[in-house]
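In my numbering, the protein residues as written are 4 to 170. Each residue gets a CB set at the ideal place from its N, CA and C atoms; glycine is no exception. Please read the structure below before turning to the comments.
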């Protein structure tokens, strides 16, 4: 009985895969060519703490720690901090860290970007009583915002590289 269920499941998976490939479906992260291309992109960011977090997140997300390919991803970021909540004592109790990142993917030796764009993210945090805890909470929100930006940039690069492969 279990072997017949297993055979049915395998048959279903195979038929689904054949049906999807027949209609032109290709998985975003399944193509070795696109993933390999991302891992060969060098990353260059600014010198602020948020830039460090962004660079680390991009390198991790793209698998590009040892990249030596012909592409360079250059980013420029701007951080904002805005009050979201005010407590009963009229003190701000919640902040949002906004991050806007302009990026461009350049091919070595060319000045016109292959891909360029902007992503915006936001992460919020509560303000605890302790000064140290407040600093740690803000740093954590900055890190989360940079990770979200890296994810969005990587997704946009994947789409652009897939579009370039199909043309």
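Contact check for residue 150 against residue 60 passes: the beta carbons are separated by less than 8 Å. In the three-state reduction of the DSSP assignment, residue 92 falls in the coil class, being assigned neither a helical nor a strand state.
Under the rule that a run must span 4 or more residues, no alpha helix (DSSP H) segment is found entirely inside the region 56-110. The beta-carbon separation of residue 47 and residue 75, rounded to 6 Å, stays under the 8 Å limit for a contact. Non-local C-beta neighbours of residue 49 in its own chain, meaning closer than 8 Å and more than five positions away in sequence, comprise 78, 79 and 80, ordered along the chain. Shown here, residue 138 sits in a helix according to DSSP, grouped into three states.
Contact between residue 67 and residue 85 is ruled out by a C-beta separation of about 32 Å, above the 8 Å threshold. Selection 131, 44, 142 and 53 evaluated against residue 73 yields 44 as nearest (Cα-Cα).
Boundaries cannot be given for residue 113, as no beta strand (DSSP E) includes it and DSSP labels it neither H nor E. Per DSSP, the continuous beta strand (DSSP E) segment holding residue 46 begins and ends at 44-47. Inter-segment contact for the region 121-132 and the region 95-105 is present: three or more beta-carbon pairs are separated by less than 8 Å.
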